[in-house]
Amino acid sequence: MRRFLSSLVCLVLILSIPGLVFGKTVLNWFAPMSPGPELDLWQGLIKEFEKRNPDVEVKLSVEPWGDYWPKIATMFAGGQHPDLVWMHYSRFKDYAAQGALRPLDDYIRKDKAFAPDLAQVPTVLKKIFQHEGKQYVLPKDHGGIAVWYNMDMFDQAGVKYPWQGWTWKDFLTAAQKLTKDFNGDGVTDQWGITDIMWGGDPATWWHHEMGWALIKSFGGDTYSDDYKSVFIDKPETIEAIQFMADCINKYKVAPTADQIAGLGPPFRIGKTAMSCFPHAAEGYWIRYEKRPVKRYGIEFLPKGKGGIWYALGATGFAIPSGSKCPDVAWRFIKYALSKEVSEKVAEHYRWGSHRMDMWAKRFELQVERGIYIEENWKRVWVDAVINPTKVGVHLGYARIPAGAAEINTILRTEFDPVYLGKRTAADAAKAAKPKILEVLKKFYK
């Protein structure tokens, strides 16, 4: 009886340890996914990980992309920390600045076996996820911004396809010719471009790859590398923002917020001639959703006096500070970012791999599947990241500081009238700059 009671006490103690179920460590992973190929893929990869790590049970919880971010913010604020999460580069700094994410530098430094895998991640993708000199996230993918164009619409309008080195003047001229009211009822049936200042949200024109690359191409900039300075009132930056607003209000080649509402995915459903989306996102969804658009091309963003800019975005793995099993979370990260798993992800996934040794293979697979329909797309999706100088582009990523959400509120207040055509970008920039600097001072001393 005494031995039985001792065993029972031991069992109770084991079960009372956080993160343990019947002697197994439970890894709670929260990620933005929806039912479909991506979720199926990761569920299969989890099973394989559990086979190799019989002491671990991975519990994956998911939310659609749009629901994930407010939910994870609520969870963190309430002290509910998963053991492992996905973080987008546009959002991780706020969590890092609040101490909600665990720096990964110690794991990286001590885990020599991981070094060959980490060496395959280009420096630019590592820097995207650094805050105050520390690595808080390791990328699992990347996407680059380029112009998608509907070949049939260009052909019908007699407009030349975009080419490397085309200018913003060329872009505007094409957009004007491609914007159509076919039945003359005063309602635009076909837009030249849809995602210029998309909906007026600063997260799409200031804290985003598309807007940042456009501003850089005009010779402007957003923030200094240390985030202590903001360049919103730089003449070239003002010129770029005004151009975006003019595309909507002056030239009317892009829709207003009201016109965007209910439009759906405009490029996929044939409502716009051009779209600035990352990587294979549009091609993937066109095929996956069996959309009617069959002939489409891609090209770099237009060239300005600042050159041609190619901006990257990424999502990656992070370990919350409140994780009950950070060491196990690290084991899963290493597994997920290994060459073996990355090959499987490349076979199923729409985004670009985080690994340089996967890029060529993934591109070939996308060509085979008809997602990439032109071989020369390799110049945009692969070569520009491997050797941007040789391709003739500048490579970078949007600067998004801690406090971005608060700054977005300032930008909405000052720039919504610009978006609506009721204020100049210069006037709004003058009003916004001191307010933005006050926010930056909270995080960057």
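-12 is the number of the first residue of the sequence shown in this note's numbering; add one for each residue after it.
C-beta: ideal position from N, C-alpha, C; glycine also.
Fair warning: this is a prediction, and the values are worked out from it, not measured in the lab.
Assign residue i to one of three DSSP states: helix, strand, or coil.
i           : result
residue 31  : helix
residue 133 : strand
residue 312 : coil
residue 213 : coil
residue 425 : helix
residue 3   : Note that residue 3 has pLDDT 41, beneath the 50 cutoff, so the model's placement of it is unreliable and the number below is only indicative. The answer is helix: DSSP assigns residue 3 an H, G or I state.
residue 418 : helix
residue -7  : Here the model assigns residue -7 a pLDDT of 44, short of 50, so the residue's position is not dependable and the matter cannot be decided.
residue 154 : strand
residue 280 : coil
residue 128 : strand
residue 205 : coil
residue 329 : helix
residue 68  : coil
residue 241 : coil
residue 431 : coil
residue 221 : coil
residue 195 : coil
residue 46  : strand
residue 319 : helix
Measure the beta-carbon distance from residue i to residue j and round it to whole angstroms, keeping in mind my assumption that it falls under 8 Å.
i           : j           : result
residue 443 : residue 207 : Residue 443 lies beyond the stretch modelled for the chain, which goes from -12 to 432, so this question has no answer here.
residue 94  : residue 284 : In fact, because the Cβ distance is near 42 Å, the residues do not count as touching under 8 Å.
residue 319 : residue 36  : 6 Å
residue 377 : residue 101 : The pair is not a contact, with the Cβ atoms about 30 Å apart (cut-off 8 Å).
residue 68  : residue 309 : 3 Å
residue 133 : residue 351 : Not confirmed; about 19 Å, so no contact.
Quick one: give me the first and last residue of the beta strand (DSSP E) that residue i is part of.
i           : result
residue 73  : 71 to 75
residue 19  : 11 to 19
residue 384 : 381 to 384
Tell whether a beta-carbon distance below 8 Å holds between residue i and residue j.
i           : j           : result
residue 232 : residue 408 : yes
residue 261 : residue 107 : no
residue 80  : residue 387 : yes
residue 162 : residue 72  : no
residue 316 : residue 14  : yes
residue 399 : residue 189 : yes
residue 311 : residue 70  : yes
residue 87  : residue 307 : yes
residue 220 : residue 347 : no
residue 160 : residue 178 : no
residue 431 : residue 281 : no
residue 390 : residue 427 : yes
Note the first and the last residue of the continuous alpha helix (DSSP H) segment covering residue i.
i           : result
residue 443 : No statement about residue 443 is possible, as the shown extent of the chain runs from -12 to 432 and does not include it.
residue 112 : 110 to 115
residue 250 : Looking at the DSSP string, residue 250 is not in any alpha helix (DSSP H), and its letter there is neither H nor E.
residue 351 : 343 to 355
residue 305 : No alpha helix (DSSP H) contains residue 305, which is instead part of the beta strand (DSSP E) from 302 to 305.
residue 368 : Where residue 368 is concerned, there is no enclosing alpha helix (DSSP H), given that its DSSP letter is neither H nor E.
residue 397 : 391 to 406
residue 295 : Here residue 295 belongs to no alpha helix (DSSP H), and DSSP marks it neither H nor E.
residue 95  : 92 to 97
residue 377 : 375 to 378
Considering only heavy atoms of the ligand GTP, does any lie closer than 7 Å to the CB of residue i?
i           : result
residue 111 : Among the ligands in the structure shown, none appear at all, so the ligand GTP cannot be discussed.
**OP:** Taking 8 Å as the threshold, find out whether the segment 66 to 82 comes into contact with the segment 113 to 125 through three or more Cβ pairs.
**Re:** Counting Cβ pairs under 8 Å, three or more are found: they touch.
Cβ pair count under 8 Å reaching 3, the segment 394 to 409 against the segment 181 to 200: In short, these stretches touch, since the Cβ pair count reaches three.
| query | Do the segment 242 to 250 and the segment 308 to 325 meet, that is, are 3 or more Cβ pairs less than 8 Å apart? | reply | Verdict: no, contact absent.
Would you call the segment 193 to 207 in contact with the segment 292 to 304, where contact means no fewer than 3 C-beta pairs closer than 8 Å?
Yes: the two stretches touch, three or more of their Cβ pairs being nearer than 8 Å.
Taking contact to mean 3 or more Cβ pairs, one atom from each stretch, closer than 8 Å, check whether the segment 293 to 309 and the segment 379 to 399 are in contact. Of all C-beta pairs linking the segment 293 to 309 to the segment 379 to 399, three or more are shorter than 8 Å, placing the two stretches in contact.
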